[in-house]
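Below is one structure, written out as structure tokens, with a few remarks after it.
Numbering (this note's numbering), first residue to last: 560 to 899.
Structure, rendered in structure tokens:
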């Protein structure tokens with residue numbers, strides 16, 4: 560939401576992005592989000608910007624329906640069941656309302672029971688499309704056969720012999736991984752880069768937010784907040800690396816400076832660092848020096864997972880790790896490869 564206008568929380572989903580994907584607010588909590596500040600400088604709220612544009616087009620009445628920002632919040636309130644639980648003025652004063660839990664006999668239906676029992680689908684969906692179903696609407700699965708497929712019929716029709724996307728799901732080794740000993744000669748550690756735990760992709764990181772105080776997110780060393788890289792304890796000991804030492808994580812594409820966290824939760828040969836750092840902070844010339852912002856995606860493969868579709872293959876890479884100090888210079892070979 561915006562800080563420069565009042566709003567009411569969307570308590571049911573993620574703006575259409577995911578069904579029943581509640582984040583930050585419990586799905587039974589509705590909040591009144593008070594206007595926090597006046598717009599800064601010449602800025603305006605999104606609603607006011609669109610309203611001003613519509614005024615110039617002579618469409619203000621159609622857009623606003625004669626209502627203010629607060630009136631729209633009131634309309635959302637009135638369209639819900641909240642008035643039966645709490646009055647409008649009390650809702651504004653208190654700032655939130657907790658809805659009672661559903662009665663025991665009004666629980667959501669169990670997923671897939673409808674298919675097992677041969678009934679129409681009774682699990683709520685945000686937007687079921689008739690074209691998703693082979694036969695009658697809500698009957699059968701949304702596959703080309705309407706059945707549970709061990710062999711994917713759509714892939715079979717597209718390319719039954721595609722080795723990168725087989726018709727039967729199976730494990731396929733990563734392009735860069737421990738399966739190829741030749742790849743491990745220069746870069747013997749496999750780096751995993753899953754989604755971050757405390758920020759949403761780059762959103763929330765790099766804005767001097769409170770999550771910088773979480774040592775699992777960033778670690779402050781000499782006044783700088785470094786991205787965390789976890790490394791197996793045995794691998795760290797071999798390299799003389801201790802907890803919160805600054806380390807240089809590198810391969811043929813570039814180098815990133817991180818704070819080390821030795822752990823026994825990773826098996827030997829593995830490292831772990833979240834993707835989606837919001838900072839790119841090269842210690843020297845951009846593109847020719849190590850990044851201390853934590854952009855581990857500088858080291859991940861640029862190749863797609865498969866040729867016949869769009870799919871990033873950037874969740875794992877091969878790297879080497881060594882201790883680093885601010886006086887260290889990047890090897891010329893790495894500089895050259897990073898710019899190529």
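No residue lacks a Cβ here, since even glycine has one placed at the ideal position from N, Cα and C.
- Take the alpha-carbon of residue 587 and the one of residue 636: they are about 14 Å apart.
- Secondary structure in the stretch 754-803: the beta strand (DSSP E) runs of 3 residues or longer, each lying completely within the stretch, are 777-780, 783-791 in chain order.
- Secondary structure of residue 863 (DSSP, three-state): strand.
- Non-local beta-carbon contacts of residue 622 in its own chain, meaning distances under 7 Å to residues more than five positions away in sequence, involve 609, 610, 613 in chain order.
- A Cβ-Cβ contact shorter than 8 Å links residue 806 with residue 817.
- In the structure shown, the three-state DSSP call for residue 621 is helix.
- The three-state reading of DSSP puts residue 714 in helix, counting H, G and I together.
- C-alpha of residue 713 to C-alpha of residue 846: approximately 43 Å in a straight line.
- In the DSSP assignment, residue 600 is bridged to no other residue.
- Partner residues in the beta bridge of residue 588, as assigned by DSSP, are 657.
- Judged by their CB atoms, residue 742 and residue 877 are nearer to each other than the 8 Å cut-off.
- With distances taken between CA atoms, residue 592 lies nearest to 656 out of 656, 703, 854.
- In this structure, residue 682 sits away from residue 798, with a CB-CB distance that is not shorter than 8 Å.
- By alpha-carbon distance to residue 814, the top candidate from 670, 782, 778, 849 is 849.
- Judged by DSSP secondary structure, residue 612 falls within the alpha helix (DSSP H) whose first and last residues are 605-615.
- DSSP places residue 634 outside any beta strand (DSSP E); the residue lies instead in the alpha helix (DSSP H), whose first and last residues are 628-637.
- Comparing alpha-carbon positions, the option among 802, 736, 639 lying closest to residue 823 turns out to be 802.
- Secondary structure at residue 567: strand, using DSSP grouped into helix, strand and coil.
- Taking 8 Å as the upper bound for CB-CB distance, residue 770 and residue 785 are not in contact here, some 14 Å apart.
- Closest option to residue 882, judged by alpha-carbon separation, among 648, 821, 861: 821.
- Taking the C-beta atoms as reference points, residue 838 is found no nearer than 8 Å to residue 828.
- The alpha-carbon separation between residue 708 and residue 671 amounts to approximately 15 Å.
- When the Cα atoms are used, residue 819 and residue 795 turn out to be separated by approximately 9 Å.
- The Cβ-Cβ distance between residue 751 and residue 875 falls below 8 Å.
- The straight-line gap separating the alpha-carbon atoms of residue 744 and residue 776 is approximately 30 Å.
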